[in-house]
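Residue numbers (our numbering), protein chains in the order written: chain A, 2 to 259; chain B, 6 to 239.
Ideal Cβ placement from N, Cα and C applies to all residues, glycine included.
Notes follow the structure.
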Amino acid sequence: MQFWKGIEKNLASGFAFMILSVLLVTGLGQKDFLEKRVFNQLPSEVSGPYFYALISGKENHLRLSRKLGELPGVSLVSVLDKSEINAKVGEILDSLGLEAGSGMFDFDYAGLKVIFKEGISSRSRELIRDYLVRLAGKDKVTLGVTKDNDTLVKKHTEALTTFKRWGAVLTISLIFTLWLFSAIFFSKRLKEMCYLVESFQRKEKVGLKVYLTGVVIISLFSLQTFLWGTPSAMFFMVGLGIISLFSVNFITQYKWNK
Amino acid sequence: MFNSTFHGTMTGHGQSSNRLNSLFYLENVTVDFGSVKALRNVQLTIDPGEIVFVTGASGAGKTTLLRVLSGDIEPTSGQVKLPQKNVFISRVFQDLRLIGRLSCEENLKLAFDPALYNSKGEFLQDMNELCRIMGIQNRLSLTVNEANGGLKQKVAIIRALLARPQVFVADEPTSSLDADNARKLYEVLNLYNVKKGLTVVWASHNRELVKKFTGRIIHLDSGKLVYSGHACFI
Ligand SMILES: Nc1ncnc2c1ncn2[C@@H]1O[C@H](COP(=O)(O)OP(=O)(O)O)[C@@H](O)[C@H]1O
Ligand SMILES: [Mg+2]
């Protein structure tokens with residue numbers, strides 16, 4: 002069959018084209034899946050002014066963390082694990098002007114990192130800190146000073162947020178660009194070969210036939226998209242449409258360039 | 006110099022009076038490329054089974070004539086008729102038109118039309134036989150990019166023959182071949198002509214070369230057909 006010959010003689014570019022075509026159709030049809038199930042699943046990072054709190058182990062720090070998390074000015078409360086606490090203890094003691102190992106903190110404790118919403122007023126910050134102290138009891142909690150995230154962390158967080166929002170579109174655009182390159186490259190080779198087949202065999206419109214066979218095969222392979230969930234019918238058709246439309250390339254007579 | 010009155014009088018070969026039996030019938034064909042007149046009022050008949058050499062200096066219009074015969078371009082004025090049905094023309098292009106990255110053998114195999122051969126084996130037998138005659142059977146695995154001019158030209162010639170055409174149209178097929186190889190080509194074509202009735206149209210700027218072969222000579226000068234007949238009358 003001409004189709005296999007067309008692919009066989011252009012193995013790398015032929016396969017690249019077929020695979021990118023299937024990826025394009027799948028990517029377009031599953032834009033929602035990409036957005037919700039891939040890019041939104043990336044670990045989120047929250048940036049904003051933050052402080053650490055050491056809480057006496059006897060207190061239920063999970064309850065405190067939940068209560069704090071419900072406050073409108075707080076964007077995230079994370080519970081630190083033991084090793085993280087040990088690293089931060091020195092920092093907190095420093096900020097309190099105390100020396101490590103003074104014996105005052107030799108009991109079992111839990112650590113929280115409280116991150117405020119970006120742009121929160123300093124008055125609200127104080128209210129939240131006071132609330133925590135009242136909730137836990139004055140002598141059961143030690144707060145570190147509030148710090149601003151450094152710009153590096155901020156930029157990183159912003160980039161990640163943007164990437165999560167636009168990742169799917171970006172991925173699809175990238176696939177489309179690669180597909181376009183491979184389509185142009187592969188179709189040039191295919192047209193050249195089909196021109197020769199038509200010149201030396203009694204056959205017509207070989208390029209068009211080969212390409213349309215390719216489109217059928219691409220469509221079949223694209224059905225795997227249902228494994229990922231029902232695709233957006235419109236975008237799925239747009240994908241196949243783009244690929245089918247490229248066949249106009251094969252309608253005109255090929256001119257052998259010198 | 007050629008006298009245009011020769012044309013039409015030297016009809017010993019192929020100036021068929023019966024247009025319906027001819028293979029090509031060109032009536033008053035003119036081809037312009039902008040201001041350049043590549044062919045001027047060419048009147049020509051080619052019969053099935055003829056061997057025709059198209060000669061003339063560079064720029065005389067040989068390539069243009071072959072392109073008109075093959076249906077590659079339409080004449081600006083005049084008519085080209087192919088009264089016979091299902092005539093397959095295969096060509097040796099002046100620029101050869103081989104795929105550089107593929108081997109010589111793969112290029113030849115592009116001419117394998119399963120409808121024309123009983124089996125692939127029959128095709129390969131023909132291919133090997135032609136390659137042996139042309140002396141290239143040991144170099145078929147070279148890619149075209151690695152091949153020298155002579156090898157490439159032979160591949161293009163053999164490919165055209167493997168297409169089992171009724172008409173073999175070759176544009177300067179011996180430009181990279183020496184006189185011995187040119188004669189080999191002529192002998193192969195002559196064999197196909199005798200055995201299978203192959204019609205040959207062979208353009209060459211080297212009139213001295215083709216004069217040694219048997220066939221009709223058509224001479225072009227600045228797009229005008231100035232002679233048509235046996236070499237012996239030139
Ligand atoms: N595609 C073209 N565009 C413009 N001029 C052309 C083209 N093909 C041929 N010519 C001109 O027509 C004339 C005849 O060319 P050609 O048929 O190639 O001659 P030959 O093959 O005998 O050397 C030349 O003057 C050439 O420059
Ligand atoms: Mg020429």
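Listed as beta-bridge partners of B:Ser233 by DSSP are B:Ile223. Shown here, B:Leu49 sits in a strand according to DSSP, grouped into three states. From the beta-carbon of B:Ser95, the residues of chain A found nearer than 9 Å are Ser200, Phe201. Put simply, of B:Ser180, B:Phe93, B:Phe38, B:Val34 the residue whose alpha carbon is nearest the alpha carbon of B:Arg45 is B:Val34.
Distance check between B:Tyr197 and each of B:Pro178, B:Trp207, B:Gln171 places B:Gln171 closest, using alpha-carbon atoms only.
Listed in chain order, the positions of the stretch 139 to 168 of chain A with a beta carbon within less than 7 Å of a beta carbon of chain B would be empty, since no residue qualifies.
DSSP, reduced to helix, strand and coil, places B:Gly105 outside both helices and strands of the structure shown, so it counts as coil.
One finds Arg102, Leu103, Ile104, Asn112, Leu115, Ala116, Arg164 in chain B with Cβ atoms closer than 9 Å to the Cβ of A:Leu197, taken in chain order. Between B:Leu28 and B:Thr204 a beta carbon distance of about 6 Å is seen, short of the 8 Å cut, so the two are scored as contacting. If you look at B:Glu32, you'll find it in the beta strand (DSSP E) that goes 29 to 38. Of all residues in the stretch 3 to 16 of chain A, the ones placed with a Cβ closer than 8 Å to any Cβ belonging to chain B are Lys10, in chain order. Here the residues close to ligand 1, judged by CB distance below 6 Å to any of its heavy atoms, are B:Phe38, B:Val41, B:Ala43, B:Gly61, B:Ser63, B:Gly64, B:Ala65, B:Gly66, B:Lys67, B:Thr68, B:Thr69 in chain order. The beta-carbon distance between A:Arg190 and A:Asn11, rounded to whole angstroms, is 5 Å. This is short enough to meet the 8 Å contact definition. Taking the CA atoms as reference points, A:Arg64 sits about 48 Å from A:Leu25. At the C-beta level, B:Leu194 and B:Gly61 stay beyond 7 Å of one another.
Collapsing the DSSP output to three states places A:Thr158 in a helix.
For B:Ala62, no beta strand (DSSP E) run applies, since DSSP gives it neither H nor E.
The Cβ of B:Ala43 sits no closer than 7 Å to any Cβ of chain A. B:Ala161 is outside the set of residues whose beta carbon lies under 7 Å from a beta carbon in chain A. Among the bridge pairs identified by DSSP, A:Ala54 is matched with A:Leu113, A:Leu144. Here A:Glu71 is exposed: its Cβ has fewer than 16 other Cβ atoms, across all protein chains shown, within 10 Å.
Not one beta carbon of chain A lies nearer than 7 Å to the beta carbon of B:Ala208. Across the set A:Val146, A:Thr178, A:Trp257, the C-alpha of A:Val146 shows the shortest separation from the C-alpha of A:Tyr51. The C-beta distance from A:Leu69 to A:Val75 rounds to 6 Å, short enough to fall under 8 Å.
For the pair B:Glu192 and B:Lys200, the Cα-to-Cα distance works out to about 12 Å.
For A:Trp257, at least one C-beta of chain B is nearer than 7 Å to its own C-beta. B:Ile56 carries a strand assignment under DSSP once its states are collapsed to helix, strand and coil.
Beta-bridge annotation (DSSP): B:Lys42 is paired with B:Asp37.
At a cut-off of 7 Å between beta carbons, B:Ala175 makes no contact with chain A.
Under the Cβ criterion of 7 Å, B:Ala168 is counted among the residues facing chain A. Taking 7 Å as the cut-off, the Cβ atoms of A:Leu21 and A:Ser183 count as close. The CB of B:Leu107 comes closer than 8 Å to the CB of Lys10 in chain A, given here in chain order. DSSP lists no bridge partner for A:Arg38.
The stretch 213 to 227 of chain B makes contact with the stretch 55 to 72 of chain B; the number of CB pairs closer than 8 Å reaches 3 or more. Closest in C-alpha terms to B:Gln84, from the list B:Lys189, B:Glu32, B:Lys229, B:Glu127, comes B:Glu32.
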